[in-house]
Amino acid sequence: MKGGKNLISVPKTNNYSNKSYKFALKCGENSRVIIPAGPVGTTVTAAALTINLSNYVNPCIKLDYITQIIGLGFAGTLNFQIFRTCNNQGPIPISPEFTYEVTVPQLITSDFSFFTCDCDLCLNDCCTYIVVITIGGGGFVGNVGAFSSKLIATIVDSPKPQCQ
30 MKGGKNLISV PKTNNYSNKS YKFALKCGEN SRVIIPAGPV GTTVTAAALT INLSNYVNPC
90 IKLDYITQII GLGFAGTLNF QIFRTCNNQG PIPISPEFTY EVTVPQLITS DFSFFTCDCD
150 LCLNDCCTYI VVITIGGGGF VGNVGAFSSK LIATIVDSPK PQCQ
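Counting with the working numbering, you get residues 30 to 193 for the letters of the sequence shown.
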C-alpha cells in the first residue's frame with residue numbers, strides 16, 4: 030500500500046482466555062528534513078503519523094523512529110523527542126529526549142533509531158505522533174539533515190478497559 034495508509038490488523042486470541050486482542054502495524058511515510066543553523070532550542074519536525082484509535086478499547090502503542098543523519102562539516106547536538114496530539118489538544122511529550130552528538134566537525138552518515146511506548150491513552154479518536162528535532166548544547170556548525178526518516182507504530186489492544 031502507498032505510504033501512510035499501510036495498516037495490518039490481526040485479531041489474536043491468547044491461550045489463557047477466550048478474549049480477543051487486536052494488533053495493528055502502521056507505517057508513516059518516508060520524510061527528510063534539513064536542519065537549519067539556528068540558536069539552541071530551534072526545532073524542526075522530522076516525521077509524523079496519525080492513528081485512528083476509535084476501534085480500540087485499551088490501546089498500547091510502541092513507536093519506532095528510524096532515520097539516517099547526514100552531515101558535512103557537522104559538529105553539534107541534536108535532541109529527538111516524540112510528541113502526541115489528540116482531540117485538538119496541544120502536543121504532549123511521550124518520550125524522553127534521545128541525543129545525537131558529534132564533537133568534532135566531520136562528514137557523517139549515521140543511522141539513528143529509538144523507540145518508546147505510549148500506553149496512557151483514555152480516548153476514542155485520532156492521535157498524531159510527531160518526531161521533533163531540537164538543536165541542543167551550544168548549537169552546531171556545518172550542515173546536517175535527517176533523511177529516510179520513518180515513524181512506525183505497533184498497536185496492541187486489550188479488551189479490558191483500564192481507563193475510568
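Even for Gly, the Cβ is constructed at its ideal location relative to N, Cα and C.
Cβ separation of residue i and residue j, assumed to be a contact under 8 Å, to the nearest whole Å
i    : j    : result
F112 : V161 : 6 Å
P68  : G168 : 6 Å
Proximity below 8 Å, CB of residue i to CB of residue j
i    : j    : result
A76  : G57  : yes
I64  : L107 : yes
R61  : F144 : no
D186 : Y50  : yes
F103 : I137 : yes
Y129 : I164 : no
Y85  : I181 : no
S139 : D93  : no
K55  : L82  : no
Buried or exposed (CB count within 10 angstroms, at least 16 for buried), residue i
i    : result
I80  : buried
D149 : exposed
S178 : buried
S124 : buried
G119 : exposed
G70  : exposed
C155 : exposed
T96  : buried
V173 : buried
P88  : buried
Closer than 7 Å: residue i CB and nearest the ligand GDP heavy atom
i    : result
I123 : This structure lacks the ligand GDP; in fact it carries no ligand of any kind.
Where the beta strand (DSSP E) through residue i begins and ends
i    : result
G57  : No beta strand (DSSP E) holds G57; DSSP gives it neither H nor E.
Y158 : C155 to S187
L78  : T72 to N81
Item to check | Runs of alpha helix (DSSP H) lying entirely within the stretch 91-144, each at least 4 residues, in chain order | outcome: Listed in chain order, nothing qualifies, since the stretch 91-144 has no complete alpha helix (DSSP H) run of 4 or more residues.
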